[in-house]
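Residue numbers (the working numbering), protein chains in the order written: chain Z, 516 to 867; chain C, 106 to 487; chain W, 203 to 279. Virtual Cβ for every residue (Gly too), placed ideally from N, Cα, C.
As structure tokens, this is what we get:
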């Protein structure tokens, strides 16, 4: 029989990760917040930096050029086949850094949590982030948590920031494309967008398509080792291949001609697009990259990409041409030509 | 994808294109209107214009139900969505149409109106079942293809005894629109719009059959070829139209025999006849008031008619003065003839209906055809 | 107008519905607007409803019509 009023030393009741919810107290800087950070975030991300429990992380400086990138993730649904907002947030920032040809070194993660968000879901997301960071060998070394009132958020928003190092002699940038260069993609297009769309209510179709979310820095490292002259790297996320190609065309002041018959697209993705009246060129990818390189390097680069698990479906899809209008044009498999324009607004399923 | 891929084969396209080039009389021009927005989209998406000789020109008709719905009706839908306790269900196509003051269903949603995108009318009925305390309004649009699904939704709601489901009906009819174009002064009297023939809509015809077009070919002496949805279907239909013109015929031919029967889908037609009746007149954006061109819900199903349940004010919202959609929808002008095309009016900031829907003539031209114009030295008129 | 696609009927389900398959994408749709559909048929699907059964014989005839043009060319030349 325990004595009334006795405070057991060193005991705090563990977070109820199964049935508990995020409360305002978890963001207010007090004991509840410390508990959330320790029992959920630090436990999952576990590394020497976080164990120090400081508000910041201290690491030795790099020599050479550094790269920094940040990304906020507001995806709905939070969980989808092949991934979740957690793995997406880790891969997304790693990829942005990798697109400069840089080696990602450290990540920071900020969370905005909505009051009432189930802790079980939060744990699932955090564990997924930890797994993604571990596989990529890029630790999450510092972070922040805030809680907003119910109704002010969509469950959870995650912002990840990363730093990395660019190797000597590598100058990859969207303004480098030149007429004569070749355009490659690292694999099938539209997988992520279709996987996410299948989860949306009222669209209910059954598919085995999974999100392609992946960290591409390993693939990039092999690519630049073999082809240091790569001109441009970019990952076609929101807005899809079409939007990203238009961005590059604009920044480099060039035109492009791509060939529809060479675009790698899974049959199911094509079918889902037919059903809903969508264009796979505008659908988001989360584990693919576009590479532009000089023509004489392209066969070598393609071979290298195909030898890597994340590039096994890599393909040459077109070339850079002179064009003062900076149009991205496509030769259709039917034989005609059309312009592939920027995405305007959100692509919505249509009936007409 | 079976029955899709074979109808997109590039090799066959080249062969049909060669035939079209060989049989098109070099001493004349051919102007064909593809009525259906889906055909406009196919022509643009596959770059069919590149495969046609210069004397065969396609005119984009008003077969896009999104484009021809007056802004006032979209504004009504927004007002319904903003009514307390209403859930408005809509197909994706309508969500971005701008009304007044830059408003749209999507913007209204962002401001808190309960609007849900649905793929099927059946989804709207489900939502009504799941939310008995709320009023569910289904924003029904479309030509004859989309009308039977709305009829089913109403009958289903009746069978389920739902008291909280109604349909805001904006269904329009194809033959009336074609009639209106052919009877417009520019076409009939002044010969300003040379229209030599029509490519008949694919899926509307699956429902209504090929018979209803016989009136047009006889009365107006214009050939009609009903074409399937795929680019080879469209090319074949163009060839068939050229052949009719060359031999002085004006008949209804069916290229889409794999899905269109002369009488169409009788069951679907009967269901529609049970639930809907003709409105005496209906306003079409760009065409004005067209008699007997639209449907309303019969009084026996009044309990499911949004216009009976709610007060819908007749809003007449005029288009921007510089907008040429009216002329473009009737084939009198082309997108590039409009002063604000590509500058003030773009897919990001659509001013008129032809730019809003991806099948509208202006959106299609902006997205797919624009570069051709810039590369041509001179665009020849007939 | 009217986006509709031909899809393979995989199995019939309750209440006059069916599962259709388009290259691995499966969706349940309503057969209430058509009649005599059996698994193995192809139907034209629009907004979750089958509008018509696709006639495979006519489809073959149409494809032959496209190609016939070229064989006629060969005969003539």
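DSSP on residue i, reduced to helix/strand/coil?
i	result
residue 268 of chain C	coil
residue 856 of chain Z	coil
residue 815 of chain Z	helix
residue 703 of chain Z	coil
residue 558 of chain Z	helix
residue 168 of chain C	strand
residue 153 of chain W	This structure does not reach residue 153 of chain W, given that chain W is present from 203 up to 279, and the question cannot be answered.
residue 458 of chain C	helix
residue 667 of chain Z	coil
residue 711 of chain Z	helix
residue 112 of chain C	helix
residue 368 of chain C	coil
residue 773 of chain Z	strand
residue 633 of chain Z	strand
residue 136 of chain C	strand
residue 843 of chain Z	strand
residue 655 of chain Z	strand
residue 203 of chain W	The pLDDT assigned to residue 203 of chain W is 49, lower than 50, so where the model puts this residue is not dependable, and the model offers no usable value.
residue 275 of chain W	Annotation note: pLDDT 49 at residue 275 of chain W (below 50); position unreliable, no value reported.
residue 650 of chain Z	helix
residue 383 of chain C	strand
Identify, in the order they occur along the chain, each residue of the same chain with its Cβ nearer than 6 Å to the Cβ of residue i, setting aside the five sequence neighbours on each side.
i	result
residue 845 of chain Z	773, 775, 853, 855
residue 230 of chain W	219, 221
residue 843 of chain Z	760, 761, 764, 771, 855
residue 122 of chain C	156
Under 8 Å Cβ to Cβ from residue i, same chain only, skipping five residues before and after it: list those, please.
i	result
residue 212 of chain W	220, 221, 222, 223, 228, 241
residue 647 of chain Z	601, 602, 605, 606, 730
residue 117 of chain C	337
residue 279 of chain W	Model confidence at residue 279 of chain W stands at a pLDDT of 41, short of 50, so the residue's coordinates are unreliable; what they give is reported in the following sentence. No residues qualify anywhere along the chain.
residue 341 of chain C	121, 332, 360
Starting from the beta carbon of residue i, find every residue of chain C whose beta carbon is closer than 7 Å, and list them in chain order.
i	result
residue 849 of chain Z	113, 115, 118, 151, 152, 336
residue 222 of chain W	Those do not exist, as residue 222 of chain W stays about 12 Å from chain C at its closest Cβ, beyond 7 Å.
Among residues of its own chain, excluding the 5 on either side of residue i, which ones have a beta-carbon nearer than 7 Å to its beta-carbon?
i	result
residue 738 of chain Z	745, 806, 816, 819, 820
residue 778 of chain Z	704, 832
residue 229 of chain C	194, 223, 241, 243, 258
residue 275 of chain W	Legend: pLDDT at residue 275 of chain W = 49, less than 50; position of this residue unreliable, value from coordinates given subsequently. Result list for residue 275 of chain W: empty, nothing under 7 Å.
Listing by chain order, which chain Z residues have their CB less than 8 Å from the CB of residue i?
i	result
residue 249 of chain C	Within chain Z, no residue comes near residue 249 of chain C; the closest Cβ sits about 13 Å away, beyond 8 Å.
residue 109 of chain C	789
residue 225 of chain W	782, 783, 785, 786
Beta carbon of residue i, beta carbon of residue j: below 8 Å?
i	j	result
residue 160 of chain C	residue 182 of chain C	no
residue 369 of chain C	residue 329 of chain C	no
residue 707 of chain Z	residue 801 of chain Z	yes
residue 440 of chain C	residue 446 of chain C	yes
residue 747 of chain Z	residue 595 of chain Z	no
residue 332 of chain C	residue 144 of chain C	yes
residue 170 of chain C	residue 272 of chain C	no
residue 622 of chain Z	residue 673 of chain Z	no
residue 308 of chain C	residue 253 of chain W	yes
residue 246 of chain W	residue 364 of chain C	yes
residue 240 of chain C	residue 267 of chain C	no
residue 172 of chain C	residue 434 of chain C	yes
residue 469 of chain C	residue 461 of chain C	no
residue 579 of chain Z	residue 653 of chain Z	no
Let me check you understand the geometry: is the CB of residue i closer than 7 Å to at least one non-hydrogen atom of the ligand SAH?
i	result
residue 575 of chain Z	Among the components modelled here there is no ligand, and therefore nothing to report on the ligand SAH.
Give the interface partners of residue i over in chain Z, defined as CB-CB distance under 7 Å, in chain order.
i	result
residue 400 of chain C	Correct list: empty, because the minimum Cβ distance to chain Z is about 17 Å.
residue 211 of chain W	Those within 7 Å of residue 211 of chain W in chain Z number zero; the least Cβ separation is about 15 Å.
residue 462 of chain C	867
So which residues on chain C does residue i lean against when the C-beta distance must stay under 8 Å?
i	result
residue 863 of chain Z	197, 198, 200, 201, 222
At a CB-CB cut-off below 8 Å, which residues of chain W make contact with residue i?
i	result
residue 792 of chain Z	205
residue 720 of chain Z	227, 228, 229
Counting only Cβ pairs nearer than 9 Å, list the residues of chain W close to residue i.
i	result
residue 341 of chain C	264, 267, 268, 271
Below 9 Å on C-beta distance, what does residue i contact in chain Z?
i	result
residue 245 of chain W	In chain order: nothing, as chain Z lies at least about 13 Å away.
residue 156 of chain C	849, 850, 851
residue 249 of chain W	866
Check your understanding: Taking three-plus beta-carbon pairs below 8 Å as touching, is the region 429-444 of chain C in contact with the region 408-419 of chain C?
Key -> no
Review point. So, do the region 693-703 of chain Z and the region 656-665 of chain Z have three or more beta carbon pairs nearer to each other than 8 Å?
Key: no
Review point. Does the pairing of the region 246-257 of chain C with the region 204-224 of chain C give three or more beta-carbon distances under 8 Å?
Key: no
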